[in-house]
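See structure below.
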Amino acid sequence: MAISNRKTSQNVLLTGFFGAGNVGDEAVSLAVYKGVKKELPEASFSVVTRSPEYTRTFTGITAVDTIKGFYPSQDFWSLFSSHISSIKKSHLIIIGGGGIIQDVHSWTTIPAYLIPACFGILFNRPVITVGIGVGPVKTAWLKKLTAFTCNRMALVQVRDEESRKELISYGVEPDRIIITADVVPSLDFKQYVTTHSTVKSAPTVAIAFRKWTGLDEKGLVAICTRLISNGVYIRMLGYESVHDKKFYEELILKFSPEHRDKISIHIPVNLNDAMQEVRNADFLLSMRLHGCVFAAAMGTHFFAVPYDRKVSEFMRRIDMEDSIIPMDALSADYADKILQSLRANSRIASSAAFDAQQELSKTNFTVVQDVLRNHQIYSPGDKMEALGWICKLMMKGITSQLMRPFNFLRRKMTK
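Using UniProt numbering, you'd call the opening residue of the sequence shown number 1 and step up by one each time.
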């Protein structure tokens, strides 16, 4: 029999919180795609996304197959054969990044990303995570699911020490876990922005905020009001298009009428636009992790207002803890510090600490060739346990879909 010398390309399946209208998560999808593509130039990609069209247009990633729908959505069930086919044809399954191993919002979040891992074990495909955040997970059986899948993965890469501790507390073997970094700093940001100066009639301070319990909205308005009174224009950047736009519209009503024309809301049309807005700003005030990442990468002065440990951890890693503002203690005094920065009219110098984070971020992807080379067959016991989890998740998913109309009616009746 003649043996073909043709080099076969690898098929890589990417799954994360993609296609849901979130700037940060689409930046994650682009970073994972670019990072793996650099290591496996001949690879073909499939991406699981809530909205294939949104992922393509927002990230500019067009040379991929897309599979619509996350477990247990209707799209997942109607396109179930496509999901299974994409797993069976893959040579590697990559989960992440972002804070996807948590059940704060719904019990379905964790299974949405780990059910491909269960099928991967069943079909003997290597699975890794890249730069994920973990916790909190309150549901006991979800901790068991996380421990089972992570203990069979080729590599579990988390973005911080707390995520590692969380996984170990669920029963994940410590030796399987590597602390890397969020994946977005790995991007070559110069590819996505222009450094040409824009003509502005006034200095611009951009804010990237979200509705959050405990946020001092009155203090935020006070900061912006003092800035506007000193000739500054406020640009409100929406990183979750629908939710942030509504939040900003409500926030603007808290300003004096004479100040409202000095404020605008901008919903980025794609990642280039999101990055360029931060590059064009003279200062950024950001709750959003990836707003902070964009600013640090492109030299825009910024303050972080953490609502989650991921933001505080990023600031600690780049040696900028003195630029953190507590979200529950905002005051106009911080506006004076921003004005001082604006008067200096400078950009952040290149940071060795941020450069180190970029290199650490890239290590999420430099492992993929070794993973493919050294993949070991899963045991029959592992496959049987994976099948058991799949059956359990299928039943729970089908039940949740059947209960949706009743839950909808119940919510209507109790209003």
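Ideal Cβ placement from N, Cα and C applies to all residues, glycine included.
- Contact between Ile87 and Pro41 fails: their C-beta atoms lie close to 23 Å from each other, not under 8 Å.
- One alpha carbon belongs to Thr198, the other to Gln276, and they sit about 11 Å apart.
- DSSP places His83 inside the alpha helix (DSSP H), whose first and last residues are 80-89.
- For Val293, the closest C-alpha among the options Lys262, Trp212, Asp282, Met315 is that of Met315.
- In the structure shown, His196 falls within a coil segment according to DSSP collapsed to helix, strand and coil.
- Residue pairing by DSSP places Leu92 opposite Val12 in a beta bridge.
- Taking Ile61 as the centre and dropping the five residues before and after it, the same chain places the C-beta of Tyr33 closer than 6 Å to its C-beta, in chain order.
- Distances from the alpha-carbon of Cys391 to those of Leu342, Leu145, Gly238 put Leu145 closest.
- Per DSSP, reduced to three states, the secondary structure at Tyr307 is coil, with no helix or strand assignment.
- Looking at the DSSP output, Val205 bridges to Ile234, Phe283.
- Taking Val311 as the centre and dropping the five residues before and after it, the same chain places the C-beta of Leu289, Ala304 closer than 6 Å to its C-beta, in chain order.
- Taking the C-beta atoms as reference points, Pro203 is found nearer than 8 Å to Tyr233.
- Per the Cβ contact rule, the region 330-341 is not in contact with the region 171-182 (fewer than 3 Cβ pairs under 8 Å).
- Apart from sequence neighbours up to five positions away, the residues of its chain that approach Ser90 with a beta-carbon distance below 6 Å are Asn11, Leu13, Arg125, ordered along the chain.
- The alpha carbon of Val193 has as its nearest neighbour, out of Val205, Lys138, Val278, Arg56, the alpha carbon of Val278.
- For Gly21 against Glu240, the beta-carbon gap comes to about 6 Å, under 8 Å, which counts as contact.
- Taking the Cα positions, Asp382 is about 19 Å away from Ile110.
- DSSP, read as helix, strand or coil, puts Gln401 in helix.
- Judged by their CB atoms, Ala353 and Ile318 are nearer to each other than the 8 Å cut-off.
- Restricting attention to Ala63, Ile228, His83, Ile121, the CA atom closest to the CA of Phe45 is found in Ala63.
- Judged by beta-carbon spacing, Pro306 lies beyond the 8 Å limit of Met320, meaning their Cβ atoms are not closer than that value.
- Between Leu122 and the set Ser51, His301, Phe148, the nearest pair of CA atoms involves Phe148.
- Scanning its chain for C-beta atoms nearer than 6 Å, with the 5 sequence neighbours on each side dropped, one finds around Ile93 the residues Leu13, Pro116, Gly120, Arg125, Val127, in chain order.
- In the DSSP assignment, Gly131 falls within the beta strand (DSSP E) that extends over 127-134.
- A Cβ-Cβ distance of about 21 Å is found for the pair Ser82 and Ile100, leaving them out of contact under the 8 Å criterion.
- Residue pairing for Ser346: DSSP places it in no beta bridge.
- When beta bridges are read from the DSSP output, Val47 appears opposite Leu14, Thr66.
- A distance below 8 Å between beta-carbons, with the five flanking residues on each side excluded, links Asn270 to the following residues of its chain, in chain order: Thr57, Phe58, Thr59, Gly60.
- When DSSP states are grouped into helix, strand and coil, Leu30 belongs to the helix group.
- For His301, the secondary structure class from DSSP, reduced to helix, strand or coil, is coil.
- With respect to the 8 Å criterion, Pro72 and Thr108 are classified as neighbours on the basis of their beta carbons.
- Of the candidates Ala112, His105, Asp103, Ala31, Ala112 places its Cα closest to the Cα of Thr49.
- In its chain, beyond the 5 residues on either side, Phe302, Phe303, Ala304, Met315 have a beta carbon closer than 8 Å to the beta carbon of Ser323.
- Beta-bridge partners assigned by DSSP to Ile338: none are found.
- Look at Ile179 here: in three-state DSSP terms it is strand.
- By the Cβ-count criterion, Thr300 is buried, with 16 or more other Cβ atoms from all chains shown falling within 10 Å of its own Cβ.
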